[in-house]
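Undergrad: Residue numbering for the sequence shown follows our numbering, starting at -7 and increasing by one per position.
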Amino acid sequence: MSQNEIHRHTEALLQQLKSEDSMSEGERKELQELALKIQSRLKEQNTDEGWEEYQNHLEKVAIDFQEQYPTLSELFRRVSQALSNLGI
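1. Could you give the residue range of the alpha helix (DSSP H) that holds residue 18?
2. CB-CB under 6 Å to residue 69, same chain, minus the five flanking residues each way: which ones, in chain order?
3. Using the three-state DSSP reduction, which class does residue 57 fall into: helix, strand or coil?
4. Return helix, strand or coil for residue -2, following the three-state DSSP convention.
Here is the structure:
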């Protein structure tokens, strides 16, 4: 999986976050920031260190939101898997 595919997954995630009306603004902002940070690091071609924090956060969010926001949960899993596939 390429960085372009990760970018597409994070863009889909950002779009889905905009449409989740029942989500609190704080949750939405936190998750948007996570997706944007991942995009930013990929643009910098920074695939060396420090990704473990993002991976852990993605996995936690996917689990925490699984029942209430299954679509978001799946998108977070896709981003996490895509990063893993790149060896990040």
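We put the CB at the ideal spot given by N, CA and C, even for glycine. On a predicted model such as this, the values are computed, not experimentally measured, just so you know.
TA: A quick look at the data gives this:
1. Residue mapping note: residue 18 aligns to position 26 of the sequence shown, counting from 1. That run of the alpha helix (DSSP H) goes 17 to 35.
2. Taking the sequence shown and counting its residues from 1, one reaches residue 69 at position 77. Same-chain partners within the cutoff: 54.
3. If you number the sequence shown from 1, residue 57 lands on position 65. Correct three-state label for residue 57: coil.
4. Reading the sequence shown from its first residue, position 6 is the one you call residue -2. Three-state DSSP puts residue -2 in a helix.
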